[in-house]
Structure formats: structure tokens, C-alpha cells
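Numbering (UniProt numbering), first residue to last: 1 to 288.
Dropping the structure here:
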């Protein structure tokens, strides 16, 4: 159980919730945003002293009943509720989850992305390392093969970019950065003993104030689908839906596919990019 992370998570979730959202009277003017500790305890049906000890990182190990009550009181999303359980070492039960472990990309997934010739497709692990990709993915994202000795990593790319300020000023790109950090926060709860995730977080906290600011929000959200606009120097803008699909029986891996509307200019742009790859003779398929 990570008492410090649990305490911080509870404080940040309490601070974002208004009395009106929680169904409480606003009352007199408040000095700080969010609910008071007494109000959270009241909504969760527990003593104020018990809740205060949890927020101070010195409380007892909460039961599943207490966690469910806190999740309701703080109006947590499904992803946030799962994160709350993970922080206390009480992962939610999931059918078929027994025996899963981190590891290499399954052969059937490698075959799948190889035969997905008309869409960019790649595999990410829980800490956003690129493990495998097809030719269109390499062409669309550019630079996958130039990461040097390190495994290419999406978090490092975003927050280590020299044009990060411009990147974050763009609403869509800023939304991706925020979602990626929230997803990494969720992964850190699912895999508390993962040295790779801990090392990446420590590295980014030391190197990127922008990452640190987002990390300190304690936002939690598992990535599933997102709209993206990719500006490619050869074929122009590509409007795509980023589909994030869990790999069966490997909950630490995600298959990511960029799809476009059939017959749209973006679809034609991807076809043109594929033609250029073939003309250049680049196989472009890689396993990290």
C-alpha cells in the first residue's frame, strides 16, 4: 500500500469536487476550492478522524467497503476507482486476469500489424515504449528508427521535444499530452513494482517541469480512443481516429491503430504515403 500516493490522490480528488456537484449546500464562502474533509467523510459514511488519517498518510489499510464508499463520495470515474484500489494493493477483480505478466509482443499481434498495410499500427507497453510497428506507422510518426540505443518512448518524445511549448499550446496536442500522463499514472497504480515505469516517471519529473505539473494533478484515465490530426511533410494533414485496443491476455500491451474515414482526403493521404514507401523500397516493419 502506497500511503503517500493514496493521501495525495484523495486530496486532489477532494479539491476538484464542488459542494453543488456532491449534492451539498454551498454554505458560506470557502477559503479553498473543493469539499471539506468533514463533507467527504459524511458522504462516505465514515468518521472524520478516519478520513483525515487517510489524507495524512497515516491511516489503517482501508477495506474494499471503505474504498467503494470513497469512490462514490468523490465521484470517481471507473479508471480513477480502479486506481484507488491499485494504490492500496487491492486491484479490482477482472475475469481472466490471473497469470498475466509483462513480456514480449505475441507472435499473432506481430503478424496482425504486418498485414495491416493500409493503416498505421503499432504496439505500446504500459510505459509507452514502442515495441513493434508497421511501415505506415514509421512513416507517419517519423523517427521511430532514430531513437539510438534506447527503446523509443512516446512520453520522452512529447516532453523532450524542443518545440514542447508550441506543442502544448496546440489544444489537440496538449490533450494528448495530458491523456498520456493520466494513462501513465493509471499504469503506475496497476504495476506498483514496475521498475521501468518508476524510472521513467523519475526521469521525466527531473527533466520536464511540464510533465511534473501534469503528474502532480493525479489525473487518472486509461486511453481508449482519441481523434488526431497528423501534419505530414509529404502528404499534408491526416485526420485519424486513434484506436487503442488491449492485447488479449496481456493487459500491459496495447495495439494502436490510426483509422480514417473511407474515401476521405485523409484516407487518400495514407494511400499516397503507402505508395511513396513502396516506391522508395522501404520495408519499414520493425520489432523493438
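Built from N, CA and C at the ideal position, the CB exists for glycine as well. Computed from a predicted model, the values in this text were never measured in an experiment.
Is it right to say residue i is buried, meaning 16 or more other beta carbons lie within 10 angstroms of its own, or is it exposed?
i, result
"residue 249", "exposed"
"residue 99", "Residue placement at residue 99 is poorly supported in this model, since its pLDDT is 35, which falls under 50; the coordinates still yield a value, given next. Residue 99 is exposed by the Cβ-count criterion."
"residue 134", "buried"
"residue 83", "buried"
"residue 193", "exposed"
"residue 62", "buried"
"residue 195", "exposed"
"residue 223", "buried"
"residue 183", "buried"
"residue 60", "exposed"
"residue 89", "exposed"
"residue 81", "buried"
Output yes or no for whether 8 angstroms exceeds the beta carbon distance between residue i and residue j.
i, j, result
"residue 226", "residue 242", "yes"
"residue 221", "residue 186", "yes"
"residue 180", "residue 128", "yes"
"residue 158", "residue 139", "no"
"residue 253", "residue 105", "yes"
"residue 51", "residue 37", "yes"
"residue 113", "residue 132", "yes"
"residue 24", "residue 39", "yes"
"residue 216", "residue 87", "no"
"residue 76", "residue 31", "no"
"residue 212", "residue 205", "yes"
Just tell me which of the options has its CA closest to the CA of residue i.
i, options, result
"residue 10", "237, 259, 219, 239", "219"
"residue 121", "262, 255, 260, 271", "255"
"residue 197", "278, 111, 155, 74", "155"
"residue 235", "136, 23, 104, 35", "136"
"residue 70", "4, 60, 31, 41", "41"
"residue 237", "89, 108, 141", "141"
"residue 58", "20, 4, 259", "4"
"residue 172", "279, 228, 199, 160", "228"
Measure the alpha-carbon distance for residue i versus residue j and round it to whole angstroms.
i, j, result
"residue 33", "residue 17", "8 angstroms"
"residue 6", "residue 261", "42 angstroms"
"residue 79", "residue 175", "17 angstroms"
"residue 264", "residue 118", "14 angstroms"
"residue 74", "residue 111", "44 angstroms"
"residue 230", "residue 208", "24 angstroms"
"residue 15", "residue 273", "47 angstroms"
"residue 162", "residue 56", "39 angstroms"
"residue 271", "residue 164", "30 angstroms"
"residue 257", "residue 123", "9 angstroms"
"residue 275", "residue 240", "19 angstroms"
"residue 72", "residue 166", "38 angstroms"
"residue 107", "residue 247", "12 angstroms"
"residue 151", "residue 277", "23 angstroms"
"residue 251", "residue 153", "18 angstroms"
"residue 35", "residue 115", "52 angstroms"
"residue 280", "residue 189", "44 angstroms"
"residue 169", "residue 210", "12 angstroms"
"residue 232", "residue 200", "28 angstroms"
"residue 191", "residue 8", "18 angstroms"
"residue 266", "residue 85", "41 angstroms"
Please tell me whether residue i has its Cβ less than 8 angstroms away from any Cβ of chain B.
i, result
"residue 134", "Note that chain B does not occur in the displayed structure, where there is just one protein chain."
Are there any heavy atoms of the ligand ZN lying less than 7 angstroms away from the beta-carbon of residue i, as far as the coordinates show?
i, result
"residue 164", "Ligands in the displayed structure: none, and consequently the ligand ZN is not present."
- [ ] Examine the Cβ distances between the stretch 60-72 and the stretch 39-49 and report whether three or more of them are shorter than 8 angstroms.
- [x] yes
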